[in-house]
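Asks: Residue numbers (the numbering used here): 181 to 594. I have a structure I would like to understand better, so I am pasting it below and will then ask my questions one at a time.
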């Protein structure tokens, strides 16, 4: 028989009784291995079909039947799965590849450093707490992508570009990742400050390589630190080369239009000129969170507490003027302090005070002074201020019974 029998746990020249090694089909096996490592699913199926034919011809009908059964199941599964494609224009479909975990990434030709990283979609990707305005913009974009066939049927294109801007720590990158996860597409993340070389010609080449890669696959391209290219325009020594890099970026953004979704992220939107702003159909501003939003952010980090709401409110109050990232940091530090200390001696408010010292979070003079007040006086501040914490909530964070808290409040108001 022309079969290829592989013995297990034996040396390369040892075969057990009744087994033989025949290499007549090695050319097909080699082609199959090569295709599996570098080719498409269709090409792999073709090589498996070749091997099944060879086995059938040599009398190995059982093995051939097994391979054909695998192919049949694969074809049936593909038949009921939706076909992923990107339409280049209304009425015209352009097939595009799916990005896999083994797909080689583009690299800098000189250094060999990768130009991007890939994050595959996670079902439980958590995004930032958004304001009502940001939520509306976010849901508007997702709604277009979820109902793109209706738009295409009406002769309308979907939006393929988004600019997310705002202060540091407001959740811009996590929102971009959330969008990619919601669309079920891999996120290709490139930091433009890392792509910029002292040789601006290399920068333009790297930008081209990055966009060519992303335009070949069904992905969400996330351009972080997007203002980096705009910043180099201030270098008066190489005005001509700088213009060439900026033009290369604009041209690549225009070429990207028929493919996937492109999300740019910046902390310095004031550095972007109107030519760049015009490239983005959707724009979302993420500002510093409000008191209710800061409370929600803190509460999401305090899940270890039996009742996280009172401490979350206190943290939200203490972090006025701070980013969501600051709120998360302070919340995590507070809960870790509370968990690692003797809870009979340390209240949640004590843990919050210690966490403020540990994180070095800068508070306004007024807030800092209030947090140093005796518990009875601070309880009154939290009761009368914007939080309006009641006796039960104050009892939780100060680790006191309701009667004690009521006595505190009465003594400070009398």
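For glycine and all other residues, C-beta sits at the position ideal for the given N, C-alpha and C.
Hey, how far is the Cα of residue 524 from the Cα of residue 302?
Replies: As a working note, residue 524 is residue 344 in the chain shown. As a working note, residue 302 is residue 122 in the chain shown. Approximately 40 Å, taken between the alpha carbons.
Asks: Should the region 442–450 be regarded as contacting the region 390–409, the criterion being three or more beta carbon pairs within less than 8 Å?
Replies: The region 442–450 vs the region 390–409: in contact.
Asks: Are at least three pairs of beta-carbons, each pair with one atom in the region 585–593 and one in the region 548–564, less than 8 Å apart?
Replies: The region 585–593, when compared against the region 548–564, does touch it at the 8 Å Cβ threshold.
Asks: For the structure I just gave you, are there three or more beta carbon pairs, one from the region 432–444 and one from the region 336–344, closer than 8 Å?
Replies: The region 432–444 vs the region 336–344: in contact.
Asks: Based on DSSP bridge pairs, tell me the residues matched to residue 368.
Replies: Numbered from its first residue, the chain shown carries residue 368 at position 188. Residue 368 pairs with 298 and 401.
Asks: I'd like to confirm the pairing. Which residues does DSSP put opposite residue 341 in its beta bridges?
Replies: On the chain shown, position 161 is the one that residue 341 refers to. Paired residue(s): 442.
Asks: Short check: CB of residue 479 to CB of residue 488, under 8 Å?
Replies: Within the chain shown, the letter at position 299 stands for residue 479. Within the chain shown, the letter at position 308 stands for residue 488. In contact: residue 479 and residue 488 (Cβ atoms closer than 8 Å).
Asks: What's the call for residue 490, buried or exposed, on a 16-neighbour Cβ count within 10 Å?
Replies: For the purposes of this step, residue 490 is taken as residue 310 along the chain shown, with counting starting at 1. Burial call: buried.
Asks: Can you find the residues in the same chain that come closer than 8 Å, C-beta to C-beta, to residue 277, ignoring five residues on each side of it along the sequence?
Replies: Locating residue 277 in the chain shown gives position 97, where the first residue counts as 1. For residue 277, where only same-chain residues beyond five positions count, the Cβ hits under 8 Å are 220, 396, 397 and 398.
Asks: Relative to the alpha-carbon of residue 325, which residue among 209, 543 and 362 has its alpha-carbon at the smallest distance?
Replies: As a position in the chain shown, residue 325 is number 145, starting the count at 1. For residue 325, the nearest C-alpha among the options comes from 362.
Asks: Figure out for me which residue from 466, 537 and 493 has the closest Cα to the Cα of residue 595.
Replies: Summary: the structure shown does not reach residue 595, with the chain confined to residues 181 through 594, and so no result is reported for it.
Asks: Nearest to residue 401 by alpha carbon, out of 289, 243 and 298?
Replies: Taking the chain shown and counting its residues from 1, the one referred to as residue 401 is at position 221. Here the closest residue by C-alpha is 298.
Asks: Are residue 426 and residue 383 touching if we call contact CB-CB under 8 Å?
Replies: Counting from one through the chain shown, the residue named residue 426 turns up at place 246. Counting from one through the chain shown, the residue named residue 383 turns up at place 203. In this structure, residue 383 does not lie closer than 8 Å to residue 426 by Cβ.
Asks: Return helix, strand or coil for residue 376, following the three-state DSSP convention.
Replies: In the chain shown, the residue the question calls residue 376 occupies position 196. Correct three-state label for residue 376: coil.
Asks: Taking the C-alpha atoms as reference points, what is the distance between residue 300 and residue 282?
Replies: Locating residue 300 in the chain shown gives position 120, counting from the first residue. Locating residue 282 in the chain shown gives position 102, counting from the first residue. Between residue 300 and residue 282, the C-alpha separation is close to 12 Å.
Asks: What residue range does the alpha helix (DSSP H) around residue 450 cover?
Replies: Within the chain shown, numbered from 1, the residue matching residue 450 stands at position 270. Element bounds for residue 450: n/a, residue is neither H nor E.
Asks: Reducing DSSP to helix, strand and coil, say where residue 276 ends up.
Replies: If you number the chain shown from 1, residue 276 lands on position 96. DSSP places residue 276 in coil when its eight states are reduced to three.
Asks: So, for residue 574: in the same chain, excluding its five sequence neighbours on each side, which residues have a beta-carbon less than 6 Å away from its beta-carbon?
Replies: The sequence position of residue 574 within the chain shown is 394, counting from 1. Closer than 6 Å at the Cβ level, and outside the excluded window around residue 574, lie 559 and 585.
Asks: Going by CA-CA distance only, name the one from 579, 481, 497 and 512 that's closest to residue 527.
Replies: Numbered from its first residue, the chain shown carries residue 527 at position 347. Residue 579 is the option with its Cα nearest to residue 527.
Asks: Quick one, are the C-beta atoms of residue 569 and residue 551 less than 8 Å apart?
Replies: One-based indexing of the chain shown puts residue 569 at position 389. One-based indexing of the chain shown puts residue 551 at position 371. Contact: no.
Asks: Would you mind sorting residue 472 into buried or exposed? The rule is 16 or more other CB atoms within 10 Å of its CB.
Replies: Looking up residue 472 in the chain shown gives position 292. The residue in question, residue 472, is exposed, as its Cβ has fewer than 16 Cβ neighbours within 10 Å.
Asks: Identify whether residue 483 lies in helix, strand or coil by the three-state DSSP scheme.
Replies: Within the chain shown, numbered from 1, the residue matching residue 483 stands at position 303. The answer is coil: DSSP assigns residue 483 none of H, G, I, E or B.
Asks: In chain order, what residues of the same chain have a beta carbon less than 8 Å from the beta carbon of residue 553, not counting five sequence neighbours either side?
Replies: By 1-based counting over the chain shown, the position of residue 553 is 373. Cβ neighbours of residue 553 beyond the five flanking positions: 561.
Asks: Is it buried or exposed, residue 572, if we count other Cβ atoms within 10 angstroms and call 16 or more buried?
Replies: Position 392 of the chain shown holds residue 572. Burial call: exposed.
Asks: Would you grab the beta carbon distance between residue 539 and residue 509 for me? Rounded to a whole angstrom, and I think it's under 8 Å.
Replies: Locating residue 539 in the chain shown gives position 359, where the first residue counts as 1. Locating residue 509 in the chain shown gives position 329, where the first residue counts as 1. Correct: roughly 6 Å between the Cβ atoms.
Asks: As a quick exercise: from 321, 248 and 227, pick the residue whose alpha carbon is nearest that of residue 461.
Replies: To locate residue 461, count along the chain shown from 1; it is residue 281. The residue with the shortest Cα to Cα distance from residue 461 is 321.
Asks: Beta-carbon within less than 8 Å of residue 285's beta-carbon, same chain only, minus the 5 sequence neighbours each way: which residues are those?
Replies: Walking along the chain shown from the start, residue 285 turns up at place 105. Counting only Cβ-Cβ distances below 8 Å, and skipping sequence neighbours, we find 294, 295, 296, 297, 298 and 393.
Asks: Any chance the CB of residue 548 is under 7 Å from a heavy atom of the ligand ADP?
Replies: As presented, the structure is devoid of all ligands, the ligand ADP included, so that no description of it is given.
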